[in-house]
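Going from the sequence shown to the working numbering is simple: count from 1 and add 1.
Built from N, CA and C at the ideal position, the CB exists for glycine as well.
Below: the structure, in structure tokens.
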Amino acid sequence: MNEPADGTADEQLVRRALAGDVAAFATLAETNRPRLERYLATMTGDASAADDLVQEALRRAFERLAQLQQADRFGSWLLSIACNACRSWLRREVQRAHDGGERLDELSAPQRTALSSLVRREDMARLQLAIDRLPILLREAFVLFAVEGLPYAEIAAATEVAEGTLQVRVHRAKALLRQQLGDLLDRPPPTG
């Protein structure tokens, strides 16, 4: 699995990109793309929408690169752009569903990428649907913490939400998921 580059490498690439080196920005984008794809696919439940949001976040980052104050924090800054883009998309989807007369609980469960590291394959559909049903802010905190494995400090930087608030949101998300899924969340991940 590709993970974002360390701060020193990011800092050098950001400086080169600011100097007009398009290849440096492309390297930053490709290094950080897997995290964005996982996060956005989990949040939206729609691979096509997630791909569009990844592209939107990367475009915004490229356009606003000069606004980045800490070059070594590029990955977190990019994730915050993706979080904001995702929030806007989710609000539009809720509004679209409302305007279309559909009730949110009647919408079909979207197809998603697998969260196989969290549960056995046969339980993934239940978990995915339960995550989809979480309120947006709880879902965002849960996905960033439990799926992406980010520390609260990094989530706080990306979402501009206090760490204590994020801890409460993750706790509430887990409680809601346990109500729907029972002990499914507490099962050990599959081996092999």
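Among the residues of its own chain, which have a CB less than 8 Å from the CB of Cys87, if the five just before and after it don't count? Stepping through the sequence shown from its first residue, residue 87 is reached at position 86. The residues are Tyr40, Leu41, Met44, Thr45, Leu54, Glu141.
Quick test of your reading: Val15 and Phe75, contact by CB under 8 Å. State the CB separation rounded to the nearest angstrom. Start at 1 with the first residue of the sequence shown, and residue 15 comes out as number 14. Start at 1 with the first residue of the sequence shown, and residue 75 comes out as number 74. That belief holds up - the Cβ atoms of Val15 and Phe75 are roughly 5 Å apart, short of 8 Å.
What do you get for Ser77, buried or exposed, if any count of 16 or more other CB atoms within 10 angstroms of its CB means buried? The residue labelled residue 77 in the question sits at position 76 within the sequence shown. Buried is the call here.
Neighbourhood of Arg173 by C-beta distance below 8 Å, restricted to the same chain and skipping five residues each side: Residue mapping note: residue 173 aligns to position 172 of the sequence shown, counting from 1. Answer for Arg173: Leu139, listed in chain order.
If we ignore side chains and look at the alpha-carbon of each, how far apart do Ile132 and Ala48 end up? To locate residue 132, count along the sequence shown from 1; it is residue 131. To locate residue 48, count along the sequence shown from 1; it is residue 47. Cα to Cα, the separation comes out at about 16 Å.
Taking the C-alpha atoms as reference points, what is the distance between Gly183 and Arg93? Position 182 of the sequence shown, counted from the start, is the residue given in the question as residue 183. Position 92 of the sequence shown, counted from the start, is the residue given in the question as residue 93. For Gly183 and Arg93, the gap between their C-alpha atoms comes out near 31 Å.
In angstroms, rounded to a whole number, what distance separates the CA positions of Gln168 and Leu177? Residue mapping note: residue 168 aligns to position 167 of the sequence shown, counting from 1. Residue mapping note: residue 177 aligns to position 176 of the sequence shown, counting from 1. Gln168 and Leu177 have their C-alpha atoms some 14 Å from each other.
What span of residues does the alpha helix (DSSP H) with Gly150 cover, start to end? In the sequence shown, the residue the question calls residue 150 occupies position 149. Judged by DSSP secondary structure, Gly150 falls outside any alpha helix (DSSP H); it is assigned neither H nor E.
CB of Ala58 within 9 Å of CB of Leu37, strictly: Position 57 of the sequence shown, counted from the start, is the residue given in the question as residue 58. Position 36 of the sequence shown, counted from the start, is the residue given in the question as residue 37. At the C-beta level, Ala58 and Leu37 come within 9 Å of one another.
Roughly how many whole angstroms lie between the Cα atoms of Phe146 and Glu161? Taking the sequence shown and counting its residues from 1, the one referred to as residue 146 is at position 145. Taking the sequence shown and counting its residues from 1, the one referred to as residue 161 is at position 160. Rounded to whole angstroms, Phe146 to Glu161 spans 15 Å at the Cα level.
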